[in-house]
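Visitor: The structure's right below; bear with me while I get my questions together.
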Amino acid sequence: MDAAQGPAMVTIGCALHLLFIALTCIACSQASAVITHTTVMRPQFVTFGDSITQRGFEPGWGSLLANAYQRRADVVSRGYSGYNSRWALQLLDAVFPQPSAAAPPPRLATVFFGANDAALPDRGSARQHVPLAEFKGNLRAIVQHLHRIGVPAVVLITPPPISEPDRITHVLQTYGVHLEEPERTNEVAGQYAAAVEEVGAELGLPCLNLWQAFQAEQDWQHRLLSDGLHLTAEGNACLYRLLQQLIDQRFPALRVAALPMDAPDHSDIDPTNVQAAFDKHFSRRGGSREEL
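Pasting the structure below:
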């Protein structure tokens, strides 16, 4: 390079550097716009319970709820097989942490315990038993935590009925143990279902009484229960249907049709001006952003 070329090359280098900075700023600005869009996310519905909740995605009532709310709400399963309400208390801060701007509280939570709490204290599942008075206190504590972190919609679900002969058959077929009497009874399950209703009435919460609803169905023991306790596909569908009806009636703002989709429909996107459809969609949602 001769002396005459030096200043010219420096000028070109500076120009390229400035161009790089400008392009970087544009890219960051576009990324920022995308981030703004993606922060307006779907609300969460959290299903909190025992194995009947955990199995709700096998598929089951949880996956049916998630399917109904596709692109409108994320249904998150927090089901813990074998758990009772006493053990569930240990999970509250992990399952329902303190909210933040980036992670707001769920819009809806279902609380579905009692099937294991109602295990009889002198039979094979005694380790899961929780006395009735403690069970009610545990439900209150769960609900109080949900209200404290700002969950606006809480639904209590009672344990289902028990088909006692089928429980005996299940234990024999699964474990090779013949029981003279089942480890759970329908009468005691009914007492725990009544306790859930009492807590719901006390706290002003809707309660889905699965114990009553299932027994109103013909041949519920075999159509709705798979082993005298857990749900069949038809039982899961029945629970989903009852829950959806309850949500529609008690929380109309959370009906499927009431919640906006999280992004514009593909038919609204003009391939010659893609961003316009997204700007329009998110500006419409912006008015109700706090409700999301």
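Residues -31 to -1, 1 to 261 (mature numbering (1 follows the signal peptide of the UniProt record, and there is no 0)) make up the sequence shown, in order. Ideal Cβ positions, reconstructed from N, Cα and C, are used throughout, including at glycine.
1) Counting C-beta neighbours from all protein chains within 10 Å, is the total for Q214 16 or more, i.e. buried, or is it exposed?
2) Between Q97 and P130, which are expected to be in contact by the criterion C-beta below 8 Å, what is the C-beta distance as a whole number of angstroms?
3) Using 8 Å for Cβ pairs, my map puts V168 next to A78. What's the rounded Cβ distance?
4) What residue does the beta strand (DSSP E) around R47 start on, and which one ends it?
5) Please list, in chain order, all residues of the same chain as R192 whose beta carbon is under 8 Å from its beta carbon, the five residues on each side excluded.
6) Which one of Q67, G83, V64, G29 has the shortest CA to CA distance from Y52?
7) Would the stretch 105 to 124 and the stretch 142 to 153 be scored as touching if the rule is three or more Cβ pairs under 8 Å?
8) Can you tell me whether DSSP reads I126 as helix, strand or coil?
9) At a cut of 8 Å, does the stretch 33 to 42 reach the stretch 57 to 66 through at least three beta carbon pairs?
10) Would you mind stating whether P12 and P100 have Cβ atoms separated by less than 9 Å?
11) Should L141 go down as buried or exposed, given a rule of 16 or more other Cβ atoms within 10 Å for buried?
12) Taking the alpha-carbon of E166 as reference, which of V124, Q23, L194 has the nearest alpha-carbon?
13) Using DSSP with H/G/I as helix, E/B as strand and the rest coil, what is T138?
Guide: Checking against the coordinates, here is how it stands:
1) exposed
2) About 18 Å separates the two Cβ atoms, so there is no contact after all.
3) At roughly 15 Å, the Cβ-Cβ gap does not stay under 8 Å, so V168 and A78 are not in contact.
4) 43 to 48
5) E186, T201, E203, G204
6) G83
7) no
8) strand
9) no
10) no
11) exposed
12) V124
13) helix
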